Amino acid sequence: MKKIALLTCSLVLLGFICQAQYLYDASGRTVGRVSDNYIYNASGRTLGRFDGNYIYDASGRTLGRTDNNYIYDASGRTLGRTDGDYIYDASGRTLGRTSGDYCYDASGRTIGRTDGVDRRSTILFFYFFFRDIQ
């Protein structure tokens with residue numbers, strides 16, 4: 224599992240649209256972007272979309288949904304949560320943490336960055352759904 228790809232603008236997770244939102248890897252390289260709630264990889268291929276509550280793949284299948292600090296898969300199972308400082312899986316194991324504009328995995332390695340607007344939603348969303356894109 225690659226630990227990459229966090230939005231620099233998390234307002235899309237709150238139902239707002241930010242223009243030219245980019246995804247970065249831990250080295251700061253752009254690996255994709257989000258525009259008009261569509262999610263693209265660095266080559267411009269559509270990976271999915273987000274409508275403010277639900278996450279869909281490129282074929283329109285529901286991948287999951289968000290609800291405050293929780294994220295669920297398409298069957299309603301809890302995939303994880305955040306308390307604003309740490310990211311947890313559904314079993315309560317710590318997956319990572321945030322500090323300023325950077326995000327770290329449980330081993331302390333930098334896994335990405337945010338713009339600091341609403342780190343918890345950004346990290347949670349991309350950690351679970353787009354961690355393997357490149």
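Each number in the numbering used here corresponds to the 1-based position in the sequence shown with 223 added. Glycine is no exception: its CB is placed at the ideal position from the N, C-alpha and C atoms. Values in this document were obtained by computation on a predicted structure and should not be read as measured data.
Membership of ARG272 in the beta strand (DSSP E) is indicated by the continuous run 269-273.
For ASP308, no beta strand (DSSP E) encloses it, and the DSSP letter there is neither H nor E.
With a cutoff of 7 Å on beta-carbon distance, GLY303 and ASP296 are scored as not near each other. Assigned with DSSP and collapsed to three states, GLY299 falls in coil, not helix or strand. The Cβ-Cβ distance between TYR309 and THR301 does not fall below 7 Å.
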